[in-house]
Structure formats: C-alpha cells, structure tokens
Amino acid sequence: MGDYPVEPITHVWADSGTGSFTEQKRYVVETQTKVIERCMLMTTDPGDLVLDPTCGSGTTAYVAEKWGRRWITCDTSRVAITLAKQRLMTASFDYFALRYPHEGLKGGFIYKTVPHVTLKSIANNPGD
Ligand SMILES: C[S@@+](CC[C@H](N)C(=O)[O-])C[C@H]1O[C@@H](n2cnc3c(N)ncnc32)[C@H](O)[C@@H]1O
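The numbering of the sequence shown is our numbering, which starts it at -16 and goes up by one.
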C-alpha cells in the first residue's frame, strides 16, 4: 500500500476467489463474506432492508448486520438456520459513528478514513 492506501475497484475482482488468503468456510456452499460485502455496499445504504431467501450459514445477514442494514432471511434447512443463528448470536461488530448525526442512518456512517498525502503536506512535514 505504501503512501497511497486507496485504489478504485474495477469490474475484475481478482481478490475474491477461494484459497489460502480467504477466510475459512463454515458451510459447504458458503459465499465469501468479501463478495457479499462488496455487493451490499454498492447497492444499499445504512438502514435499508436486505432479503436473502436462502440463508445458508447466514453470510448475508451477518454482513447486513455489520454494515448497519436491516435484514430478513429464511431457509428450508434446520441445519442452516441453526448455524446462522449461532453465527449471528456470537458475532461482535464494530461501532461506527454517524456521518451526519442530524440525518440519522440515511446520512451514512464514517467507515474508514485515509490520510490525504499531498506534495504540499510532505513539504510542510505536519506529522512531526
Ligand atoms: C448456496 S446456500 C445459501 C448461501 C447463502 N445465501 C450465502 O450467501 O452464503 C443455499 C441454501 O438454500 C437453501 N434452500 C434451498 N432451497 C430452498 C428453498 N426453496 N427455500 C429456502 N431455502 C432453500 C439450502 O438449504 C441452503 O442452505
């Protein structure tokens, strides 16, 4: 990353395949959290309602909860529901501050900030 910790996401997601760099699966057909997360962040806002009618191990609900979306999920399998329930009940999530407190959830959250390094700031050396 070096001094430029931001890069645009293109239509080729080379970082989302399964392999030694991704998280361990707990369910045989589990979708990567990273993929669901990216789709959800592109298509919904905090407070929106997300439906996954095929819950599986609950990745959609987990990601929705993590990013401040409401969710509904269901499954025909008792095994899936039990796994998802256990996963959600034992998860811990980060706390995000509201970006515009007077607007509530619709104003969005402050998720992450990165330093804006310019030639001017390097010349002025404000860090010391
Ligand atoms: C591919 S997994 C779900 C993956 C999950 N949506 C995710 O993103 O990780 C498919 C799930 O769909 C469930 N399923 C299959 N047919 C269904 C149906 N008609 N209604 C609800 N769930 C169903 C299966 O029990 C299984 O748990």
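All C-beta atoms in this analysis are idealised placements derived from N, C-alpha and C, irrespective of residue type, glycine included. All of these numbers come straight from a predicted model, not from anything done at the bench.
* Rounded to whole angstroms, what's the CA-CA distance from Ala74 to Asp58? Just pull it up for me. => Between Ala74 and Asp58, the C-alpha separation is close to 20 Å.
Mind checking which residues open and close the beta strand (DSSP E) that includes Leu32? Residues 32 to 35.
inquiry  = Using CA atoms only, rank isn't needed, just tell me which of Leu34, Arg52, His99, Thr101 is closest to Phe79.
reply    = Taking each of Leu34, Arg52, His99, Thr101 in turn and checking the Cα distance to Phe79, the smallest one comes out for Arg52.
- prompt: Does the beta-carbon distance from Thr65 to Thr42 come in below 7 Å?
  reply: If you check the CB distance, Thr65 and Thr42 do not come in under 7 Å.
- Message: Just to confirm before moving on: does the CB-CB distance between Leu88 and Ile55 stay below 7 Å?
- Response: Using a Cβ distance threshold of 7 Å, Leu88 and Ile55 do not count as a contacting pair.
For Pro(-12) versus Val97, is the C-beta distance shorter than 7 Å? Yes. Within cutoff.
- Query: What is the C-beta distance between Cys38 and Ala67, in whole angstroms, given that I count them as a contact (C-beta under 8 Å)?
  - Reply: Confirmed, about 5 Å.
Nearest-angstrom Cα separation, counted from Pro29 out to Gly90: Rounded to whole angstroms, the gap between the alpha carbons of Gly90 and Pro29 is 8 Å.
Exercise. What residues are listed by DSSP as bridge partners for Thr56?
Worked result: Per DSSP, Asp35.
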